[in-house]
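Protein chains in written order, with the numbering used here: chain A, 538 to 863; chain B, 538 to 863. We treat Cβ as the ideally placed atom computed from N, Cα and C, and that holds for glycine. Have a look at the structure below before the remarks.
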């Protein structure tokens with residue numbers, strides 16, 4: 538199947554690389570709002586097109602993977618592309634997912650295409666695991682922990698402070714909170730009781746580090762309710778030790794069964810990722826296979842990851858899956 | 538929806554209790570090959586029928602959950618019940634799953650019903666997780682570890698030894714093997730390198746314990762290739778400390794992404810279960826909901842757990858799931 542990539546940032550590059558590992562797929566082209574001649578793909582000989590060319594290529598792309606930002610680009614471009622192509626995206630603005638689903642569903646039903654939204658790992662694989670665990674153990678609580686990993690949003694928030702040259706922020710789950718969940722305490726946890734934040738900051742020459750540290754630690758929403766550590770380091774150290782994009786996290790459900798709830802059970806799904814965008818891209822690519830297949834079966838409309846049978850993600854036949862993986 | 542239970546052992550009792558936690562379900566009856574008057578259900582006022590009555594009750598049961606043994610009962614009774622009811626089972630004879638699928642598929646296609654086979658946790662939730670992980674990280678290895686938990690098959694094998702009055706066997710994963718997988722060594726592991734076995738044995742009076750221990754440790758397939766510990770204890774100690782049915786396990790996939798496989802990732806799915814039959818029953822019950830819904834949509838034939846979209850397992854609406862769990 539022929540895959541198109543819309544947007545060539547970290548995620549788009551991840552998709553390009555993921556396709557190399559999937560023999561039933563071919564990268565048909567990268568689409569960008571920039572001047573295509575300025576884009577050098579990692580793989581040689583990948584055609585790069587201006588986004589405006591996409592509308593003339595609906596027969597040459599089986600699935601378009603949307604790798605643009607969730608904040609403003611996806612709500613605008615998603616429905617436009619769903620009116621032309623099967624699409625997969627990692628729309629991750631949790632609060633807006635129901636509305637985005639409705640918009641994409643309308644567009645995809647009209648075009649007769651399939652749009653899989655909010656794929657990736659959270660939303661995505663974590664959503665799937667929250668849902669399975671909730672259905673299997675109706676009596677219980679589910680907890681999601683993120684990290685240890687880099688939050689781009691928090692890193693950017695630090696970078697906007699006066700006197701900060703560059704910064705990297707790690708979100709780190711609180712081990713004592715995880716242990717309380719595992720023990721079955723069924724704790725009610727605030728955001729600040731679930732995670733702490735560690736910041737590596739490069740200050741501009743002569744900047745007031747005490748003032749910067751205070752600005753970070755008192756920043757509402759981002760840091761003020763969290764235990765936050767701030768380390769000032771050199772630009773070289775930041776580049777050397779904090780320029781990768783690791784992430785991960787843990788979904789735990791603790792639940793009870795039995796006539797009087799006498800037996801307890803834990804379901805845990807844990808991801809440890811060296812590269813957040815590359816792993817996310819791999820999930821998008823597996824769901825691209827599902828979008829293609831569903832559409833070939835005559836399905837259309839928007840779907841979330843929980844609307845899709847797992848087997849659609851695999852390039853192995855049902856027979857092979859039953860023999861090797863069941 | 539109205540659920541029937543075929544077979545009233547530990548698993549059947551687990552299903553009975555699971556249904557209490559699912560408000561959209563009702564236990565319509567227990568079916569047994571024994572004299573129904575000898576069966577006392579945990580819940581009051583549950584009708585108990587002889588298995589021969591089932592064929593006259595096809596309109597009163599929406600899904601029959603098959604809680605009979607996989608070894609000889611399921612291959613015989615599965616197709617018979619698939620010809621009359623939507624069914625869910627936990628058929629766990631891994632090597633025979635492809636053949637069992639074909640038999641059940643034929644029967645269910647003829648009756649126009651849905652039969653979900655090999656549900657539970659392994660096969661079942663572990664199968665789902667092996668498949669997702671394999672599809673998401675095509676370059677990598679998947680490892681399944683079981684335990685710490687009680688293996689009924691191994692406990693029974695010890696009980697058959699002369700001079701053994703009773704026994705409980707724990708399967709325990711080797712921590713060093715799990716660590717090697719997590720580190721990314723991609724080890725090739727024999728069965729004996731993945732698990733060790735701990736046996737608690739009650740000997741008959743005057744029995745030769747040295748001989749029994751040797752019989753256990755040298756038993757082919759069951760123990761000879763494993764590091765095995767044998768502890769002789771009293772009947773009271775066995776009853777007090779080893780009469781529950783805990784189990785669990787871990788599926789890990791270690792895989793690589795990136796142009797040259799430069800980034801690695803770990804996906805882990807872990808279960809820690811106080812009661813193996815009750816958790817298994819909860820999975821069967823969630824898949825019973827899926828069988829009922831699929832059949833109402835006009836679907837028929839055999840399905841495995843990977844053929845079913847996760848959302849079919851939940852009693853929450855698509856809208857609620859998108860709002861709360863995605």
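_Minimum Cβ-Cβ distance from residue 807 of chain B to chain A less than 8 Å_ = yes
_Could you compute how far the alpha carbon of residue 554 of chain A sits from the alpha carbon of residue 669 of chain A?_
30 Å
*For residue 669 of chain B, decide whether its Cβ has a neighbour in chain A, counting only Cβ atoms nearer than 8 Å.*
yes
*In this structure, what does DSSP give as the bridge partners for residue 710 of chain A?*
A/732
*Would you tell me roughly how many angstroms separate the C-alpha atoms of residue 855 of chain B and residue 746 of chain B, rounded to the nearest one?*
60 Å
*Could you pull out every unbroken beta strand (DSSP E) segment of at least 3 residues lying fully inside the segment 558 to 621 of chain B, listed in chain order?*
563 to 569, 585 to 587 and 600 to 603
*Could you tell me if residue 796 of chain B is buried or exposed, where buried requires 16 or more neighbouring beta carbons within 10 angstroms of its beta carbon?*
exposed
*Might you give, ordered along the chain, the residues of its own chain that have their beta carbon closer than 8 Å to the beta carbon of residue 583 of chain A, omitting 5 neighbours on each side?*
553, 564, 566 and 567
_Option nearest residue 572 of chain B by Cα separation, candidates B/590, B/776, B/764 and B/632_ = B/590
*Since residue 605 of chain A and residue 625 of chain A are thought to touch, with beta carbons under 8 Å apart, how far apart are those beta carbons, to the nearest angstrom?*
So it is not a contact: roughly 12 Å between Cβ atoms.
*Quick one: what's got a C-beta closer than 6 Å to residue 828 of chain B's C-beta in the same chain, skipping five residues either side?*
600, 623, 625, 651 and 653
*Measuring only between beta-carbons, confirm whether residue 675 of chain B sits less than 8 Å from chain A.*
yes
*Please list the partners that residue 856 of chain B has in chain A, where partner means a Cβ-to-Cβ separation under 8 Å.*
635
*Name the DSSP beta bridge partners of residue 704 of chain A, please?*
A/738
*Mind listing, in chain order, the continuous alpha helix (DSSP H) runs of no fewer than 4 residues lying wholly within the segment 751 to 778 of chain B?*
772 to 778
*Whose C-beta lies closer than 6 Å to the C-beta of residue 726 of chain B among residues of the same chain, with five residues either side of it excluded?*
714
_According to DSSP, simplified to helix, strand and coil, what is residue 697 of chain B?_
coil
*For residue 861 of chain B, which of helix, strand or coil comes out of DSSP?*
helix
*Where does residue 852 of chain A fall in DSSP's three states?*
coil
*Report the three-state DSSP secondary structure of residue 791 of chain A (helix, strand or coil).*
strand
_Per DSSP, the bridge partner or partners of residue 720 of chain B_ = None; residue 720 of chain B has no bridge partner.
*asked:* Strictly under 8 Å for the Cβ-Cβ distance: is residue 652 of chain A near chain B by that measure?
replied: no
*Within 8 Å (strictly less), CB to CB, does residue 555 of chain B reach chain A?*
yes
*Quick one: what does DSSP say residue 807 of chain B is sitting in, helix, strand or coil?*
strand
*contact_flag[the segment 786 to 796 of chain B, the segment 660 to 680 of chain B] where n(CB pairs < 8 Å) is 3 or more*: yes
*Just to confirm, are residue 814 of chain B and residue 615 of chain B a CB contact at a threshold of 8 Å?*
no
*Stretch-stretch touch, CB-based, cutoff 8 Å, three pairs: the segment 777 to 793 of chain B with the segment 685 to 694 of chain B*: yes
*the segment 807 to 825 of chain A in contact with the segment 837 to 848 of chain B per 3-pair CB rule at 8 Å*: no
*What do you reckon, are the CB atoms on residue 734 of chain A and residue 706 of chain A nearer than 8 Å?*
yes
*For residue 648 of chain A, which residues of its own chain have a beta-carbon under 7 Å away from its beta-carbon, when the five flanking residues on both sides are left out?*
619, 620 and 621
_Per DSSP, the bridge partner or partners of residue 748 of chain B_ = In DSSP, residue 748 of chain B forms no bridge with anything.
*Is residue 634 of chain A closer than 8 Å to residue 863 of chain B when the C-beta atoms are compared?*
yes
*Closest to residue 576 of chain A by CA distance: which of A/549, A/561 and A/558 is it?*
A/549
*Quick one: what does DSSP say residue 726 of chain A is sitting in, helix, strand or coil?*
coil
*In terms of residue numbering, what span does the alpha helix (DSSP H) encompassing residue 664 of chain A cover?*
662 to 673
*Classify residue 593 of chain B as buried or exposed, calling it buried when 16 or more other Cβ atoms lie within 10 Å of its own Cβ.*
exposed
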